[in-house]
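Participant:
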Amino acid sequence: MADDFYKLLGVEKTASAEEIKKAYRKQAMKYHPDRNQGNKEAEEMFKKVSNAYEVLSDPQKRATYDQYGAAAFENGGMGGMGGAGFRDAGDIFREFFGGGGGGIFESFFGGGARSAEEDRRGNDLRFDLEITLEEAASGVEKTIKYRRHAQCSICHGTGAEPGSKRKTCSTCHGRGQVIRRSGFFQMQQPCPTCLGSGSVVEKPCKGCGGSGVVMESRTLTKRIPAGVDTGTRLRSSGDGEAGELGGEYGDLYLVIHVKEHDLFEREGDNLFCTIPIKFTLAALGGKLEVPTLTKRADLKIPAGTQNGTTFRLRGMGMPSLRGSGKGDQFVRIEIDVPKNLSSEQKERLSAFADSCGDKEKPLSESWMEKFKNFFK
Numbered sequence: 112m113a114d115d116f117y118k119l120l121g122v123e124k125t126a127s128a129e130e131i132k133k134a135y136r137k138q139a140m141k142y143h144p145d146r147n148q149g150n151k152e153a154e155e156m157f158k159k160v161s162n163a164y165e166v167l168s169d170p171q172k173r174a175t176y177d178q179y180g181a182a183a184f185e186n187g188g189m190g191g192m193g194g195a196g197f198r199d200a201g202d203i204f205r206e207f208f209g210g211g212g213g214g215i216f217e218s219f220f221g222g223g224a225r226s227a228e229e230d231r232r233g234n235d236l237r238f239d240l241e242i243t244l245e246e247a248a249s250g251v252e253k254t255i256k257y258r259r260h261a262q263c264s265i266c267h268g269t270g271a272e273p274g275s276k277r278k279t280c281s282t283c284h285g286r287g288q289v290i291r292r293s294g295f296f297q298m299q300q301p302c303p304t305c306l307g308s309g310s311v312v313e314k315p316c317k318g319c320g321g322s323g324v325v326m327e328s329r330t331l332t333k334r335i336p337a338g339v340d341t342g343t344r345l346r347s348s349g350d351g352e353a354g355e356l357g358g359e360y361g362d363l364y365l366v367i368h369v370k371e372h373d374l375f376e377r378e379g380d381n382l383f384c385t386i387p388i389k390f391t392l393a394a395l396g397g398k399l400e401v402p403t404l405t406k407r408a409d410l411k412i413p414a415g416t417q418n419g420t421t422f423r424l425r426g427m428g429m430p431s432l433r434g435s436g437k438g439d440q441f442v443r444i445e446i447d448v449p450k451n452l453s454s455e456q457k458e459r460l461s462a463f464a465d466s467c468g469d470k471e472k473p474l475s476e477s478w479m480e481k482f483k484n485f486f487k
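If you want the numbering used here, it's the 1-based position in the sequence shown plus 111.
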C-alpha cells in the first residue's frame, strides 16, 4: 500500500501550506544523508518525505492527491483520471512536476524545472507588532526581537566542517538533477539527496550538524510608516530564515495591530469621537474645545444644536498610507442632561419650561404633526 503523504510529514490533512513547509524542513533535516551517512533506511525516508512535500506543497498536486491518492502519480499518472487524453496527461504532469528537464516529457510538452536555489530558500517569518493610534498616525521606529534559523558562522552555510571536502553526490553523480520515470514519460528535477548542489559534505559541521543553519536571537529596528492600520503587512526582505546549504534568506513580515483608543474610533482614514456637552451650550450656542490626535481645536456649536448632531473637522483624521492627504475627524454631540439639580436650579428650570408653553408636548411642531397623522 502506498505511503500516506500527510503521515510521512507528520501533519493533518487540514494543514496549511506553511505548516507543511515547516514539517518537511524538520523531517528533511532529520533524515538528510549528510547526518545519516551509510544509513540506507534514513536515505529512503529522506526520498519519501521529499516526494511527499513535492506533491503537498503544490496546491494543484495536493488537490489531485486528496481526490485520487498516490495512484494519480503512478503508472503514467492516469489512475482515476476518467480517460484523460494524451495532451491532458501532459498538462497533469506539468502541474505535478513543474515540467522540463529534457527527455520525452520535454520534447512533447516543454517547460522548465524548478531551480535548486528556489528549493533551498529559507522560510518567511511573521512578527505581530502592536502600536498605538498616535504612533500609527505619525509613524514610528520600533525595535523588535525574534528568533530565526541563521547561516552557521563556522561553515558559512555549507554544512561542511572547516578543512573538510565535499564529495560528489552518489544519487545524481554530481549533476544536481535526477530523472524520474513514470510510464511513458520522464521528468528531471533537483536531486533530493544533495538538494540540487551536486555534492554532499564529507564531514558534517559540528556547529550545525551539517544543515548549514543554527538558531539565533535577532534584534531589528524598522520604521513603521504613518497611516498603517490593523492588518497592514510590511515586508522586510532577507530578514527571515536562512536557506539550507547556503540558500538565500527568506523574508520577515511585520503584521500591524493598532490598539483601541480611549477617545477615537477609526474607519479607514477617518476618526470618530463622541463629546458630551451641557444642554445650555446646545441651546445657546458657543465654542467647544475638542481633542484631536495632534492638538486641541475649537469647534463652533450653533444655538439649538440637537443631540446626535455630527460636525466634521477636515484633514484632522489619519494620514493615508499611500501618502495622498489625510482623512477627517467627525465629532458627534451628546447632550448631557443634569441628574442632580438644586432647589434653585429646579425652580428656574421650571420657570423656563412654563415660558416655553405646554411642558407635556414635544417642542418640535413637525414631530407633533407626524404624531397626529399616525392616529388618524
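Think of the CB as a built atom: it goes at the ideal place given N, C-alpha and C, for glycine as much as any other residue. All figures in this text were calculated on a predicted structure; none of them were measured in a lab.
1) Please tell me whether TYR360 and ARG344 are closer than 8 Å, where the distance is taken between their beta carbons.
2) Output the distance between the C-alpha atoms of GLY351 and GLY270, rounded to the nearest integer angstrom.
3) State the start and end residues of the unbroken beta strand (DSSP E) segment that holds THR385.
4) With VAL312 and ARG277 assumed to form a contact (beta carbons below 8 Å), what rounded beta-carbon distance in angstroms separates them?
5) Anyone know if the C-beta pair for ILE255 and GLY318 falls short of 8 Å?
6) What's the call for THR64, buried or exposed, on a 16-neighbour Cβ count within 10 Å?
7) The alpha helix (DSSP H) with GLN79 in it runs from where to where?
8) For a minimum of 4 consecutive residues, which ranges assigned as the alpha helix (DSSP H) are wholly contained in the stretch 369–451?
9) VAL325 lies in the beta strand (DSSP E); which residues open and close that run?
10) Quick check on the burial criterion: 16 or more other C-beta atoms within 10 angstroms. Buried or exposed for PRO170?
11) So the alpha helix (DSSP H) LEU306 belongs to, where does it begin and stop?
12) For GLU252, which of helix, strand or coil comes out of DSSP?
13) Counting only the same chain and skipping the five closest in sequence on each side, list residues whose C-beta sits under 6 Å from that of THR282.
14) Just the Cα atoms here: how many angstroms apart are MET326 and TYR257?
15) Out of curiosity, what's the CA-to-CA distance linking THR405 and VAL448?
16) Helix, strand or coil for GLU246 per DSSP?
17) Run through DSSP, which three-state label would LYS278 get?
18) Tell me which residue opens and which closes the alpha helix (DSSP H) that ARG459 is part of.
19) Excluding the five sequence neighbours on either side, which residues of its own chain have a C-beta within less than 6 Å of the C-beta of ALA153, listed in chain order?
20) Of all the options HIS267, HIS368, SER435, GLY426, which has the alpha carbon lying nearest to the alpha carbon of ALA408?
21) Does chain B have any CB closer than 8 Å to the CB of GLY338?
22) Going by C-alpha distance, which of MET156, GLU241, THR175, GLU165 is nearest HIS371?
23) Rounding to the nearest angstrom, what Cα-Cα distance links ARG377 and ARG259 in this structure?
Facilitator: With the given structure in hand:
1) Numbered from its first residue, the sequence shown carries residue 360 at position 249. Numbered from its first residue, the sequence shown carries residue 344 at position 233. No, these two residues do not count as a Cβ contact at 8 Å.
2) Translated into the one-based positions of the sequence shown, residue 351 becomes position 240. Translated into the one-based positions of the sequence shown, residue 270 becomes position 159. Those two C-alpha atoms are separated by around 19 Å.
3) Taking the first residue of the sequence shown as 1, we reach residue 385 at position 274. Element bounds for THR385: 381–389.
4) Position 201 of the sequence shown, counting from 1, holds the residue named residue 312. Position 166 of the sequence shown, counting from 1, holds the residue named residue 277. About 6 Å separates the two Cβ atoms, so the contact holds.
5) Counting from one through the sequence shown, the residue named residue 255 turns up at place 144. Counting from one through the sequence shown, the residue named residue 318 turns up at place 207. Cβ atoms of ILE255 and GLY318: not closer than 8 Å.
6) Outside the modelled stretch of the chain, which goes from 112 to 487, sits residue 64, for which no answer is possible.
7) Given that the chain is displayed from residue 112 to residue 487, the structure contains no residue 79 and the question cannot be resolved.
8) 390–395
9) Reading the sequence shown from its first residue, position 214 is the one you call residue 325. Counting along the chain, the beta strand (DSSP E) containing VAL325 begins and ends at 324–335.
10) The residue you call residue 170 lines up with position 59 of the sequence shown. Under this definition PRO170 is an exposed residue.
11) As a position in the sequence shown, residue 306 is number 195, starting the count at 1. Segment: none, LEU306 is in no alpha helix (DSSP H) and carries neither H nor E.
12) Residue numbering aside, residue 252 sits at position 141 when the sequence shown is read from its first letter. DSSP places GLU252 in strand when its eight states are reduced to three.
13) Position 171 of the sequence shown, counting from 1, holds the residue named residue 282. Closer than 6 Å at the Cβ level, and outside the excluded window around THR282, lie CYS302, THR304.
14) Translated into the one-based positions of the sequence shown, residue 326 becomes position 215. Translated into the one-based positions of the sequence shown, residue 257 becomes position 146. Taking the straight line joining both Cα atoms gives about 11 Å.
15) As a working note, residue 405 is residue 294 in the sequence shown. As a working note, residue 448 is residue 337 in the sequence shown. Distance between the alpha carbons of THR405 and VAL448 is about 30 Å.
16) Within the sequence shown, residue 246 is the residue found at index 135, counting from 1. If DSSP states are grouped into helix, strand and coil, GLU246 belongs with the helices.
17) Here residue 278 refers to the residue found at position 167 when the sequence shown is read from its first residue. Strand at LYS278.
18) Stepping through the sequence shown from its first residue, residue 459 is reached at position 348. Looking at the DSSP string, the run of the alpha helix (DSSP H) that includes ARG459 is 454–466.
19) Walking along the sequence shown from the start, residue 153 turns up at place 42. These residues qualify, in order along the chain: TYR142, ASN147.
20) Mapped onto the sequence shown, residue 408 falls at position 297. Checking every option, the nearest Cα to that of ALA408 belongs to GLY426.
21) The chain labelled as chain B is not found in the depicted structure, where only one protein chain is given.
22) Position 260 of the sequence shown, counted from the first residue, corresponds to residue 371. The sequence shown places Glu at residue 371, not His. Taking only the C-alpha atoms, the option nearest GLU371 is GLU241.
23) One-based indexing of the sequence shown puts residue 377 at position 266. One-based indexing of the sequence shown puts residue 259 at position 148. Rounded to whole angstroms, ARG377 to ARG259 spans 34 Å at the Cα level.
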